[in-house]
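Okay, so here's the structure we're looking at.
Residue numbers (this note's numbering): 63 to 276.
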């Protein structure tokens, strides 16, 4: 089971941490639902505070789970010298660290992801992915401030989302690793083509309409 510990969460709300741990424990039997949230809060005698802790119910608990996953990613990279790796390898390491965290309870992660399809505002799912992807680029050492900032996150967002979906149905982690390699290679090939087009523009003294790269 995924173990949410305070050791890597710092000043996170202890009640929320306890709630999340208990919800993860019950989810395989009751689903990732409002009912599961209520059960978790009843067990720690905090149901009366549900509107303060999780005003949007299970959506807020999902958001909190995503925040925890991001904190865990930061914690796991502290002893990894990412700066000594290529950008390609940094991204692959970060994606695999996220999968390591999720792999401790794939069934619950599948339920959490599936729950997004049953809420009206599933743009929140996109927002969670955006936050995670932004963190990954920061951890990878990205300092871009121009168009690079946005395109890098859009491209990695696509890799991240498809990797998670592929992993959910994959039985062999090696297959997932190969999938990540292929996705990154596709992006790199796109960048190579774009660079060649840019060179053509510059050779002919034309203004290249884009300023971004990975």
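Positions of the beta carbon are idealized from the N, C-alpha and C atoms, including for glycine.
This structure is a prediction, so every number in the text was calculated from the model and none was measured.
Item                                                                                                                                                                                                : Value
Could you check the C-alpha separation between residue 99 and residue 172 for me, to the nearest Å?                                                                                                 : 17 Å
Indicate whether residue 89 and residue 170 have their beta-carbon atoms separated by less than 7 Å.                                                                                                : yes
I'd like to know if the stretch 147–161 and the stretch 75–82 are in contact, where contact means that at least 3 CB-CB pairs between them fall below 8 Å.                                          : no
Thinking just about the alpha-carbon of each residue, which of 206, 213, 203, 154 is nearest to the one in residue 236?                                                                             : 154
Going by C-alpha to C-alpha distance, which of 138, 166, 167, 168 sits closest to residue 156?                                                                                                      : 138
What is the DSSP secondary structure of residue 275, counted as helix, strand or coil?                                                                                                              : Because the pLDDT of residue 275 is 46, which lies under 50, any placement of that residue in the model is unreliable, and the number read from its coordinates should be weighed accordingly. Coil at residue 275, not helix or strand.
Quick check: the stretch 191–207 against the stretch 240–249, are there 3 or more CB pairs under 8 Å?                                                                                               : no
Tell me which residue opens and which closes the alpha helix (DSSP H) that residue 84 is part of.                                                                                                   : 76–92
Residue 225 and residue 177 look like a contact to me (Cβ under 8 Å); what is the Cβ gap, rounded to whole Å?                                                                                       : About 19 Å separates the two Cβ atoms, so there is no contact after all.
Identify whether residue 140 lies in helix, strand or coil by the three-state DSSP scheme.                                                                                                          : coil
Can residue 120 and residue 91 be called in contact, C-beta distance under 7 Å?                                                                                                                     : no
With DSSP as the reference, label residue 71 as helix, strand or coil.                                                                                                                              : coil
Could you tell me the alpha carbon to alpha carbon distance between residue 250 and residue 150, rounded to whole angstroms?                                                                        : 9 Å
Measuring only the C-alpha atoms, how far is residue 230 from residue 167?                                                                                                                          : 11 Å
Which residue wins for smallest C-alpha separation from residue 131, given the options 164, 94, 216, 205?                                                                                           : 164
My assumption, with CB atoms under 8 Å, is that residue 241 sits in contact with residue 228. Please give the rounded CB distance.                                                                  : 5 Å
Using only CA atoms, which one of 128, 212, 84 lies nearest to residue 107?                                                                                                                         : 84
How about residue 218 and residue 195: do their beta carbons lie closer than 7 Å?                                                                                                                   : yes
Report yes if the CB atom of residue 109 is closer than 7 Å to the CB atom of residue 115, and no otherwise.                                                                                        : no
Starting from the C-beta of residue 185, find all residues in its chain whose C-beta is less than 6 Å away, skip the five residues before and the five after it, and write them out in chain order. : none
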